[in-house]
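Novice:
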Amino acid sequence: MNQLKEKALEKMLAEMADKHSRMEDTIHNWLCTQEDDELLQGILKDDRSIKECKEYCISEAYKYDDGESTGVPDEVVFGWIRNYFVVEELPKMEKKIPAVVKAPEIKTKEKKPQKTKKQPNKPQFTPEEGEQLDLLDFLND
Numbered sequence: 001m002n003q004l005k006e007k008a009l010e011k012m013l014a015e016m017a018d019k020h021s022r023m024e025d026t027i028h029n030w031l032c033t034q035e036d037d038e039l040l041q042g043i044l045k046d047d048r049s050i051k052e053c054k055e056y057c058i059s060e061a062y063k064y065d066d067g068e069s070t071g072v073p074d075e076v077v078f079g080w081i082r083n084y085f086v087v088e089e090l091p092k093m094e095k096k097i098p099a100v101v102k103a104p105e106i107k108t109k110e111k112k113p114q115k116t117k118k119q120p121n122k123p124q125f126t127p128e129e130g131e132q133l134d135l136l137d138f139l140n141d
C-alpha cells in the first residue's frame with residue numbers, strides 16, 4: 001500500500017471514530033477500496049470530510065429528484081462522492097428547507113355554552129358482606 005493511501009485511510013479512520021450514520025459507513029467503505037491517486041489526494045484536503053460528503057450527496061439527490069419518489073443508482077452516488085473529493089472548489093450545497101405555511105385565522109361565531117341538566121345524585125349501591133348482587137338491579141337506576 002502506498003503512503004498516499006495510508007494517509008487517506010488514517011484520516012478517514014479518525015473521522016469514523018466519531019458517531020456516524022450508515023450512509024457515512026457506506027461512503028467510507030467505498031473510499032477504502034479506491035486506488036485513484038487524485039481521489040486519495042482529495043480525501044487528504046483539510047476542507048473535505050465524509051460527513052460533508054454525505055451532505056453533498058443529499059444535496060445532489062434533491063437536484064436529481066423528479067418530484068416523485070426517486071431512487072438514485074449506486075454508480076451515480078459514487079460519482080458524486082468522487083466529484084466531492086476531486087473538485088478544487090465545492091459548489092454551494094442546496095438544502096431544501098420545508099416551507100411552513102400558516103393558514104389565515106377564520107373567525108367563527110362564538111358558541112354559547114349549553115346548559116346541562118343536573119341529574120339528581122343517586123346513592124350508589126354497595127353490597128353488604130355476604131349479600132349477592134343482582135345485575136338487573138343496575139338497569140332500574
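Heads up: the sequence shown begins at 1 in UniProt numbering, then just goes up one per residue. Ideal Cβ positions, reconstructed from N, Cα and C, are used throughout, including at glycine.
As an exercise, report each continuous alpha helix (DSSP H) stretch of at least 4 residues that is fully enclosed by the stretch 43-81, in chain order.
Specialist: Segments of the alpha helix (DSSP H) lying fully in the stretch 43-81: 50-64.
Novice: According to the neighbour-count rule (16 or more other Cβ atoms, all chains shown, within 10 Å of its Cβ), is Ala99 buried or exposed?
Specialist: Reliability of the predicted coordinates at Ala99 is poor, the pLDDT of 49 falling under 50, and the value obtained from them is presented with this limitation in mind. Classification for Ala99: exposed.
Novice: Cutting at 8 Å between CB atoms, please list the residues of its own chain near Trp30, excluding the five before and the five after it.
Specialist: Taken in chain order, the residues that qualify are Phe78 and Ile81.
Novice: Whose C-alpha, out of Leu4, Arg22, Lys117 and Lys45, is nearest the C-alpha of Asp36?
Specialist: Minimum Cα distance to Asp36 is reached at Leu4.
Novice: Does any C-beta atom of chain C lie closer than 8 Å to the C-beta of Leu9?
Specialist: Considering every chain present, this structure includes no chain C. It has just one protein chain.
Novice: Once you ignore the five residues that flank Met23 on each side, which residues in its own chain have a CB closer than 7 Å to its CB?
Specialist: The answer, listed in chain order, is Lys54.
Novice: Taking 7 Å as the limit between beta carbons, can you name the residues of its chain near Lys7, skipping five residues before and five after?
Specialist: Closer than 7 Å at the Cβ level, and outside the excluded window around Lys7, lie Leu44.
Novice: In angstroms with no decimal places, state the Cα-to-Cα distance between Lys51 and Thr26.
Specialist: When rounded, the distance between both Cα atoms is 11 Å.
Novice: Output needed for Leu40: all residues of its chain with C-beta closer than 6 Å, excluding positions within five of it in sequence on either side, in chain order.
Specialist: These residues qualify, in order along the chain: Leu4, Lys5 and Ala8.
Novice: When the Cα of Glu10 is compared with those of His28, Ser21, Glu75 and Ile58, which residue comes out closest?
Specialist: When only C-alpha atoms are compared, the closest one is His28.
Novice: If you count every other CB in all the chains shown that lies within 10 Å of the CB of Gly42, and 16 or more means buried, which is it?
Specialist: With 16 or more other Cβ atoms within 10 Å, it is buried.
Novice: Just curious, the alpha helix (DSSP H) that His20 is in, first and last residue?
Specialist: Premise fails: His20 is in no alpha helix (DSSP H) and is neither H nor E.
Novice: Report the option in Glu75, Lys117, Val86 and Gln114 whose CA atom is closest to the CA atom of Asp46.
Specialist: Selected option, being the one with the closest Cα: Val86.
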